[in-house]
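Be aware that the sequence shown starts at 1, since it is given in our numbering, and climbs by one per residue.
Note that beta-carbon positions come from the ideal geometry of N, C-alpha and C, so glycine has one too.
As structure tokens, the structure follows; a few thoughts come after it.
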Amino acid sequence: MVSANDCTIRIGQHVLIRLPSKGLKVVHLQESGRVSLGKFGSFEVSSILGHPLGSSFEIVDDNTVRVIKSITDAGDIWDADEDIQKKELTRMFSDSAENNQNIIDIGAKIQNLTNDDIDELKKSGASSQVGQLIIEKMIANHDGFDKKTIFSQEKYLKRKQQKFLRRFTVDYLGAAELLEYNLEKDASKVLDLSVDSLGLMMTYGNIRPGGKFLVIDETGGLLLYAMMERMGCEGTIVLLHENEHANIIMLRYSDYDESVITKVVKPINWLQFAEPENERIQLDEEDFEPKKPKLKEQFLRKRERARNVNEVIDLVVEGNFDGFVSMSTLYMPDVVESVIPKIGGSRPVVIYNQYKELLAEVQQHFTNDRRVIASSIFETRARPYQTIPGRMHPLMTMRSGGGYVLWGTRVFPDESVIAVGKGMKRRREESVESGVSLTSANVAEDTPENFPASETEVAETREDDVEITNDAQ
1 MVSANDCTIR IGQHVLIRLP SKGLKVVHLQ ESGRVSLGKF GSFEVSSILG HPLGSSFEIV
61 DDNTVRVIKS ITDAGDIWDA DEDIQKKELT RMFSDSAENN QNIIDIGAKI QNLTNDDIDE
121 LKKSGASSQV GQLIIEKMIA NHDGFDKKTI FSQEKYLKRK QQKFLRRFTV DYLGAAELLE
181 YNLEKDASKV LDLSVDSLGL MMTYGNIRPG GKFLVIDETG GLLLYAMMER MGCEGTIVLL
241 HENEHANIIM LRYSDYDESV ITKVVKPINW LQFAEPENER IQLDEEDFEP KKPKLKEQFL
301 RKRERARNVN EVIDLVVEGN FDGFVSMSTL YMPDVVESVI PKIGGSRPVV IYNQYKELLA
361 EVQQHFTNDR RVIASSIFET RARPYQTIPG RMHPLMTMRS GGGYVLWGTR VFPDESVIAV
421 GKGMKRRREE SVESGVSLTS ANVAEDTPEN FPASETEVAE TREDDVEITN DAQ
């Protein structure tokens, strides 16, 4: 359950700051701290505390802020009703063209306001009004502004607002927002994962509170953060890793207590997973009795670690996990051989990879192995569209990648059952109707145990009739 405190900006919280330029910044809010936003200025943390997450602010004098409706807020225009908005926009864009065919983009020659003039404007007046003043001057000194369409003029205004207005939005830093931030900084760190693919994995993996999941995460803990968020920190996640210590550095942005992370996330290395009984730490209470008082803390840590390792080993030996979720660069056909036996029946198996060809190889392995059925590879894209009355088109530039997701269901095939298709039964019926005796090969292949007694008797009687007829001839 989300409390009221989780929906407001508070001290000690990690938040995502969205800038007008589409830039992102992760900030840890500290008491009596000041946050710098580069060319957009700086503000005191105390001036935004208590406001709901998702609020937008504008920086004013003395490093304080005032609340606004949105980053692209145009002032009191948007507080009025629709008719007043239309009239005000008509006044702002009184001169416009039907199309953009007369626009000739010749850079500085079409804009009479120089960089020196803009620098002078930045030094004059109240800081909260400087950005709007610069935009108005640029529009007034733009020789081609009246030749743009209204839609083009609005886009021009929005671009200048993103550049000059000192505004920002404070958002909750969830797993999706953290992924968005890392994609902008370094997409390879999160294996080029998209928000759409992450949501697909959470859905197909049936991630839910109270579940027990086996996970491989090579994104620094981003996958773990998304799962803990969806599970409400209720359940168990056994994390497989190949190093001495698991890399879960991104969980520091989650604001979860260390005790909560320890309770939910149970790391185990591959050697302990492959040979659990050999890696179990034997506890001898006599060895943990320190001979000197100053060694007591060291012995207590050692005993606690031994208990944690043995607890995770017990979970692995028990098996029957509620699902397997992987986001890794390991060669998965070899990995699943060790992992699949630990997954419970009718449980999902979800594997993410940047490349479809590697998942196709895993899918072929599942087909031959028969312990995971109905495996499918998915690719998802969410495409933003620009819309104006009567027209719409997608954004011209989008980030590529996003990866692929393989999903299947764990089953336990019964090796004692030999499936026989309907084709053999149909051939037997056709042979009976035609009066031709079955060949010895067919008789050997279709043993009586595979057919009802009534059908066997009819077939044998018919074969006797055929032999008698041949003798008579």
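Boundaries of the beta strand (DSSP E) in which Ser36 is found, first to last residue: Arg34 to Ser36
Just grab the DSSP bridge partners of Arg347 for me. BP columns for Arg347 are empty, so no partner.
Simplified DSSP state of Asp81, which is helix, strand or coil: Confidence is the limiting factor: at Asp81 the pLDDT is only 45, short of 50, which leaves the residue's position unreliable, though a coordinate-based value still follows. The three-state reading of DSSP puts Asp81 in coil, since its state is none of H, G, I, E or B.
Just to confirm before moving on: does the CB-CB distance between Pro209 and Gly235 stay below 8 Å? Closer than 8 Å, so yes.
Exposed or buried, Phe412, counting other C-beta atoms within 10 Å across all chains shown (16 or more means buried)? Classification of Phe412: exposed, given that the 10 Å Cβ count is below 16.
Buried or exposed: Leu438, going by 16 or more other Cβ atoms within 10 Å of its Cβ? Note that Leu438 scores a pLDDT of 45, beneath 50, so its modelled location is shaky; the value from the coordinates is reported in the next line. Flag for Leu438 reads buried.
Do Pro341 and His365 have their CB atoms nearer than 8 Å? no
Can you say whether Pro267 is buried or exposed, counting buried as having 16 or more other CB atoms within 10 angstroms of its CB? buried
Spatial neighbours of Leu49 within its chain, please: C-beta separation below 6 Å, excluding the five flanking residues on both sides. Ile9
What is the residue span of the alpha helix (DSSP H) that Tyr404 lies within? That residue, Tyr404, is in no alpha helix (DSSP H); its beta strand (DSSP E) goes Tyr404 to Arg410.
In or out: Thr219 buried (at least 16 other Cβ within 10 Å) or exposed? Taking all protein chains shown into account, Thr219 has 16 or more neighbouring C-beta atoms within 10 Å of its C-beta and is therefore buried.
Return the first residue and the last residue of the beta strand (DSSP E) that Tyr172 is part of. Arg167 to Tyr172
Buried or exposed for Pro348, going by 16 or more other Cβ atoms inside 10 Å? buried
Leaving aside the five residues before and after Ile281 along the sequence, list all residues of the same chain whose C-beta is less than 7 Å from its C-beta, in chain order. Ala306, Val309 and Asn310
Which word fits His245, buried or exposed, when buried means at least 16 other C-beta atoms lie within 10 angstroms of its C-beta? Classified as exposed, His245 has fewer than 16 neighbouring CB atoms from the shown chains inside 10 Å of its CB.
Does DSSP classify Thr278 as helix, strand or coil? What sits at residue 278 in the sequence shown is Asn, not Thr. Residue state, collapsed to three classes: helix.
Given that a residue counts as buried once 16 or more other Cβ atoms are within 10 Å of its Cβ, and exposed if not, what is Gln13? buried
Proximity to Met201 [Cα-Cα], best of Ala176, Arg18 and Arg166: Ala176
Leaving out five residues before and five after Gly345 in sequence, what residues of the same chain have Cβ atoms less than 7 Å from its Cβ? Excluding the 5 residues flanking it on each side, Gly345 has same chain C-beta neighbours closer than 7 Å at Arg410, Val411 and Phe412, in chain order.
With distances taken Cα to Cα, identify the nearest neighbour of Gly481 among Leu37, Ser400, Phe168 and Val27. Within the shown structure, residues of the chain are numbered from 1 to 473, placing residue 481 beyond reach of any answer.
Nearest to Tyr172 by CA position, among Ile150, Ile237, Ser47 and Tyr253, is which residue? Tyr253
With 16 other CB atoms within 10 Å as the buried threshold, where does Ile138 fall? Reading off the sequence, residue 138 comes out as Met, not Ile. So Met138 ends up on the buried side.
Mind checking which residues open and close the alpha helix (DSSP H) that includes Asp314? Lys296 to Glu318 is the span of the alpha helix (DSSP H), which, as asked, contains Asp314.
Would you list the residues sitting across from Gly235 in a DSSP beta bridge? Its beta-bridge partners are Gly211.
Selection from Cys7, Lys163 and Ser36 that minimises the alpha carbon distance to Ser21: Lys163
Which residue's Cα is closest to the Cα of His241: Leu214, Glu415, Leu133 and Pro389? Closest by alpha carbon: Leu214.
Where the beta strand (DSSP E) containing Ser152 begins and where it ends: Run containing Ser152: none in the beta strand (DSSP E); it sits in the alpha helix (DSSP H), Ile150 to Phe164.
Residue interval of the beta strand (DSSP E) (run including Glu242): Segment: none, Glu242 is in no beta strand (DSSP E) and carries neither H nor E.
Report buried or exposed for Met227, applying the criterion of at least 16 other Cβ atoms within 10 angstroms of its Cβ. buried
Neighbourhood of Tyr181 by C-beta, 7 Å cutoff - its chain only, sequence neighbours within 5 removed: Leu16, Leu24 and Val26
Reference Gly131, options Leu165, Leu193 and Asp369, closest by Cα: Leu165
Is DSSP giving His14 helix, strand or coil here? strand
Distance check for Asp6 and Lys185, CA to CA, integer angstroms please. 27 Å
Going by DSSP in three states, His142 sits in which element: helix, strand or coil? strand
Can you pull the DSSP bridge partners for Arg230? Its beta-bridge partners do not exist; DSSP assigns none.
Please report the distance separating the alpha-carbon of Thr387 from that of Lys155. 12 Å
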